[in-house]
Amino acid sequence: MAVSTFIGATTAAAWPWMLVPVVAIWGFFTGLSACLGPAPNIAVLQWSIALLIAVGLPSGPREAAVRAGLVLAGGLLQAALVAASWALRPGATERMALATSYRALAGYATDLAAGRSDPPPPTAFPASTTLEDPNPLLPMAVRLVLLNLLEEAERIRASLAALADLAKDDGTAVANQLRPLMADAASALNLVVAVLSAERAQRPALVRALSHAVDKLTVAGGAPWRWAGEALLGQLRAVARIVAIVDSRANRADQASAAIAPPIDHGLGGIRAAISTLRANAGATGEAGRHALRLAAIATLSEVMVQTTGLYQGRWVTLTIFLVLKPDYASTMFRGVQRAAGTVMGAGIGVVAGLAHIGQAGWITVASLSVAAAYALFDVSYLLFSVFLTIFVVMLLDLLGMPAIATAEARLLDTAIGATLALTAYFIWPTWLGATAQEKFARLLEAHGEYTAALLRELARPGGVGATQLRLFQVTARRARSETEAATARLSDEPSHPPLTPGLARLLIATVARLAHAELALHALALSRHRPANPVAASDATDERIDALGTALRTTLGGLAAAVANLQQPQPFAALRPIYSALAAQPALRDSPLLGIADRLVDTVNTLDAVLRERLPQPVQSADSRNRLL
């Protein structure tokens with residue numbers, strides 16, 4: 000914002016027509032930032048707002064630098080306030096609820112280790128209610144991680160219950176075999192409780208202890224309950240990985256101590272990932288790319304019109320376009336109407352306040368309260384945001400010597416022009432939703448299935464896919480993920496339409512984020528020199544096992560995509576754990592980082608299946624199918 004303030008003020012003073020390309024550039028990046036999610040998009044939008052506000056106060060470099068410095072100081076103050084809010088420990092309640100849930104699991108596993116085989120209590124975990132209405136200060140990334148932990152708790156409870164049934168049905172011998180595994184599982188679950196309950200400084204050591212504990216757990220190859228046990232161990236390993244990223248310090252400690260993959264220089268949550276996401280969406284084929292081009296074009300046109308006509312306070316035309324034009328039809332129309340209505344109301348109130356002769360101190364007070372109310376209500380009501388923002392602008396310009404009535408008139412006219420241009424631009428080049436939310440989720444799962452299979456194919460047969468093609472698969476998956484995240488945000492603003500509720504959408508996004516993390520590690524491994532095969536022990540069998548896993552994952556994700564598209568439970572598919580175990584048994588892969596990554600992939604896909612199987616309705620049988628069954 001400081002840079003935008005400086006550029007806006009100096010350009011307006013020295014080269015007004017240079018604002019045309021500047022507005023075009025700012026417009027493109029503001030539109031493109033929609034692919035990063037609502038919060039980053041709002042942050043980038045402030046750059047354009049700062050630019051256009053500064054245009055109204057043209058000045059030389061020295062004065063502009065002072066203003067930019069004040070803006071920077073204000074930004075640093077806000078950052079300090081945000082950092083201070085961390086002391087409030089948002090997320091502590093959610094962590095404690097999860098700890099209580101995992102403590103119940105540990106108690107159930109302890110009962111099974113003692114020889115009891117009763118089913119688990121049918122009540123919901125305490126964390127279910129807490130995470131349905133979390134602390135609003137809880138960052139979305141942390142909330143998604145906690146949702147993953149809750150879903151894994153549900154899966155672990157189901158696995159423990161399945162093992163209890165086996166012990167009851169198969170007699171004392173099987174029950175005795177299961178007791179050590181149940182005791183180990185209880186110990187691991189108690190460590191999860193300790194991590195979730197501990198102070199931040201204590202978590203890294205506890206995370207390392209948890210990782211070491213679950214890594215040592217094994218299931219005898221000949222046991223009749225082997226695959227149920229393998230599923231449980233896979234879920235415990237997944238919990239150990241997820242719990243490590245709840246806290247950033249624990250995450251760094253886990254990455255430093257776990258030999259899951261070669262070191263990776265970037266992550267999904269960092270700057271490089273944001274740049275990669277922007278690049279993936281920069282073309283006209285994606286929703287964010289089309290919005291960026293549309294916003295840049297109409298903002299440029301409006302600036303040309305303003306410079307040509309010399310429209311009084313014409314920057315509000317362009318500013319209105321930035322605020323009204325959104326990637327989707329509903330938001331654009333909704334904001335256009337509310338922006339116009341709010342401006343009319345705010346201008347009227349501002350004029351009345353300006354004519355009330357409340358004095359300079361009163362104007363400053365009203366302006367300060369108005370801008371505070373505007374941004375406090377930004378996520379609550381865009382109409383109220385527009386009302387208070389207009390009051391602030393009218394009062395501020397009155398303080399600067401511009402008559403309130405003339406300011407209000409200009410504000411009304413320019414807002415009407417800007418809103419009309421924004422709506423016209425959308426209708427000329429619309430981005431109709433076309434694909435429903437479930438279709439976007441289906442494309443997301445299909446894209447990740449193709450990407451994962453291609454990575455494993457390249458790993459088995461280097462050069463068979465190639466870095467360029469892998470990059471295309473990655474870009475496609477990344478674009479699908481950003482569009483699905485945008486669809487999820489819109490679902491939250493609409494009435495719930497079961498079965499694809501906002502809660503299910505967020506849970507799918509959280510689980511796919513785990514899949515993307517595993518793919519990132521696999522991509523780094525596929526393009527590195529750290530091949531999974533030991534040259535001494537390498538064989539065609541190893542390549543076939545890797546290919547088999549890739550094919551199974553792609554087929555399964557394709558089936559899950561079909562389930563989401565049809566909003567019906569997935570069809571049965573081949574169990575992934577035996578395929579993974581066959582891969583892990585290959586001598587060429589001993590001590591290979593591929594095994595840890597493959598374990599993550601298998602557990603994540605199994606989690607997706609469990610999520611959809613639990614929350615989507617069963618397929619409706621046709622009359623022919625019912626007749627055949629009869």
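The numbering of the sequence shown is numbering that gives the first Met the number 0, which starts it at 0 and goes up by one.
Just so it is clear, CB atoms sit at the ideal spot from N, CA and C, and this is done for glycine as well.
These numbers were taken from a predicted model, which means no experiment stands behind them.
I'd like to check one pair, Gly-7 with Val-65: are the Cβ atoms closer than 8 Å?
no
Here's the rule I'm using: 16 or more other beta-carbon atoms within 10 Å means buried, otherwise exposed. How should Leu-130 be labelled?
buried
Can you check whether the CB of Thr-487 is closer than 8 Å to the CB of Pro-501?
yes
Just checking, does the region 284 to 297 make contact with the region 389 to 397 on the three C-beta pairs under 8 Å criterion?
no
Helix, strand or coil: how does DSSP classify Tyr-311 here?
coil
Nearest CA to the CA of Ala-108: which residue from Gly-73, Leu-162, Ala-123?
Leu-162
Taking just the CA atoms, how far does Ala-597 sit from Thr-279?
Sequence check: residue 279 is Ala here, not Thr. Going from the Cα of Ala-279 to the Cα of Ala-597 covers about 26 Å.
Give a yes or no on contact between the region 547 to 554 and the region 444 to 451, applying the rule of three or more CB pairs nearer than 8 Å.
yes
Three-state secondary structure assigned by DSSP to Trp-638:
Outside the shown range of the chain (0 to 629) lies residue 638, about which nothing can therefore be said.
His-447: which of Ala-517, Pro-120, Ala-562, Glu-457 sits nearest, CA to CA?
Ala-517
Per-residue DSSP class, three states only, for Arg-589:
coil
In chain order, which alpha helix (DSSP H) runs of at least 4 residues are fully inside the region 308 to 370?
314 to 323, 328 to 354
Grouping DSSP H, G and I as helix and E and B as strand, with all else coil, what is Asn-134?
coil
Exposed or buried, Asn-565, counting other C-beta atoms within 10 Å across all chains shown (16 or more means buried)?
exposed
At 3 residues or longer, what runs of the beta strand (DSSP E) sit wholly inside the region 204 to 250?
none
With DSSP as the reference, label Arg-178 as helix, strand or coil.
helix
Would you call the region 165 to 184 and the region 215 to 226 in contact, with 3 or more CB pairs under 8 Å?
yes
Excluding sequence positions up to five away, which residues of its chain have a Cβ less than 7 Å from the Cβ of Ala-185?
Ala-105, Ala-108, Thr-109, Ala-112
Buried/exposed call for Trp-428, threshold 16 Cβ in 10 Å
exposed
Assigned secondary structure, Glu-198 (DSSP; H/G/I helix, E/B strand, else coil):
coil
Rounded to a whole number of angstroms, what is the C-alpha to C-alpha distance between Ala-72 and Phe-5?
14 Å
Could you check where the alpha helix (DSSP H) with Pro-118 kicks off and where it finishes?
Careful: Pro-118 lies outside any alpha helix (DSSP H) and carries neither H nor E.
Taking only runs that begin and end inside the region 512 to 588, name each unbroken alpha helix (DSSP H) of 4 or more residues, in chain order.
539 to 565, 575 to 583
Given this structure, state the Cα-to-Cα distance separating Asn-631 from Ala-126, to the nearest angstrom.
No statement about residue 631 is possible, as the shown extent of the chain runs from 0 to 629 and does not include it.
Are Ala-436 and Ala-504 close, meaning C-beta to C-beta below 8 Å?
yes
Simplified DSSP assignment, three categories, for Thr-284
coil
Should Ser-527 be labelled buried (16 or more other beta-carbon atoms within 10 Å of its own) or exposed?
exposed
Where the alpha helix (DSSP H) containing Phe-377 begins and where it ends:
Run containing Phe-377: none; DSSP gives neither H nor E here.
Span separating the alpha-carbon of Arg-37 from that of Met-139:
Note that residue 37 corresponds to Pro in the displayed sequence, not to Arg. Their Cα atoms are separated by approximately 11 Å.
Classify Pro-497: buried if its beta carbon has 16 or more other beta carbons within 10 angstroms, exposed otherwise.
exposed
Between the alpha carbons of Ser-580 and Ala-574, how many angstroms are there, rounded?
11 Å
DSSP three-state label for Ser-481, please.
helix
Between Leu-611 and Leu-507, what straight-line distance do the alpha-carbon atoms span, to the nearest angstrom?
9 Å
With a 10 Å radius around its C-beta and 16 neighbouring C-beta atoms as the bar for buried, classify Val-644 as buried or exposed.
Any property of residue 644 remains undetermined from this structure, which presents the chain solely from 0 to 629.
Sub-8 Å separation of Leu-368 and Gln-337 beta-carbons:
no
May I have the straight-line CA-CA distance separating Trp-46 from Phe-28, to the nearest angstrom?
10 Å
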